[in-house]
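Residue numbers for the sequence shown follow the numbering used here, so the first one is 1446 and each next one is one higher. Where a beta carbon is used, it is the ideal one built from N, C-alpha and C, also for glycine. Take a look at the structure below.
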Amino acid sequence: MSPSASWQPRYSEIAKEEVRASIRFAASKPPYRALVVRSALWTAFRDGSMALFDIENNMAKITSWRSANAAEVCSIKLIDQHVWILSNDGEVQIWDADSRTYVTTLLGLPRSAGKATCMLDVCVDGGKKKMVWIASSNREIRVWTAA
């Protein structure tokens, strides 16, 4: 069934009450990656910095940080109860999604692998080991075990 040819969206009819909150970022620093987990908006920027906002509290900033290496964030994923953040240098930071606290950092790619481009998946290999699939700039997909 196709929409009527005379139907046009009426943007002026969108109630202002539908917009719960918004965040205005500096033109020189727009978010590069983002992920919504429960009531938090996780945002990543090209310079390696991150910011966390509370969706239920008018988008109030909860915290912000910059990783020590300041590498560009290329993937953010929710895996189980954790937020996995992959930087293009192969470093993976793991944060607890509920408490919003830092858990650990994993180093996944050797320098010879080129830059990480995205985290394809993280899965359990039958036991409790997590298998991390990362694509890299040298056209390879690397699979490694996160201990």
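Let me make sure I understand the geometry here. Which of the options has the alpha-carbon closest to that of residue i?
| i | options | result |
| --- | --- | --- |
| Ala1516 | Leu1565, Asn1502, Asp1534 and Lys1522 | Asp1534 |
| Ala1580 | Thr1590, Trp1589 and Leu1565 | Leu1565 |
| Ala1485 | Lys1474, Arg1511 and Ser1544 | Ser1544 |
Express the C-alpha separation of residue j and residue i in angstroms, rounding to a whole number.
| i | j | result |
| --- | --- | --- |
| Ala1666 | Arg1587 | Because the chain in this structure spans residues 1446 to 1592, residue 1666 falls outside the shown range and cannot be described. |
| Ile1530 | Cys1519 | 8 angstroms |
| Ala1489 | Val1481 | 12 angstroms |
| Arg1511 | Met1495 | 6 angstroms |
| Glu1585 | Ala1591 | 18 angstroms |
| Asn1583 | Arg1491 | 21 angstroms |
| Phe1470 | Lys1574 | 39 angstroms |
| Asn1502 | Thr1550 | 29 angstroms |
| Asp1525 | Ile1539 | 11 angstroms |
| Lys1461 | Met1576 | Since pLDDT at Lys1461 reaches only 49, below the 50 mark, its modelled position is unreliable, and no value is offered. |
| Pro1475 | Gly1559 | 26 angstroms |
| Phe1498 | Val1537 | 21 angstroms |
So the beta strand (DSSP E) residue i belongs to, where does it begin and stop?
| i | result |
| --- | --- |
| Ala1516 | From DSSP, Ala1516 is part of no beta strand (DSSP E); its letter is neither H nor E. |
| Ile1539 | Glu1536 to Asp1541 |
| Asp1492 | Per DSSP, Asp1492 belongs to no beta strand (DSSP E) and is neither H nor E. |
| Ser1532 | His1527 to Ser1532 |
| Arg1511 | Ala1505 to Arg1511 |
Please tell me whether residue i has its Cβ less than 8 angstroms away from any Cβ of chain D.
| i | result |
| --- | --- |
| Asn1503 | In summary, chain D is missing from the structure at hand, where a single protein chain is found. |
When the distance is taken between beta carbons, is residue j closer than 8 angstroms to residue i?
| i | j | result |
| --- | --- | --- |
| Arg1483 | Ala1542 | yes |
| Lys1417 | Val1567 | Since the displayed the chain opens at 1446 and closes at 1592, residue 1417 lies outside it and no answer follows. |
| Trp1487 | Val1548 | no |
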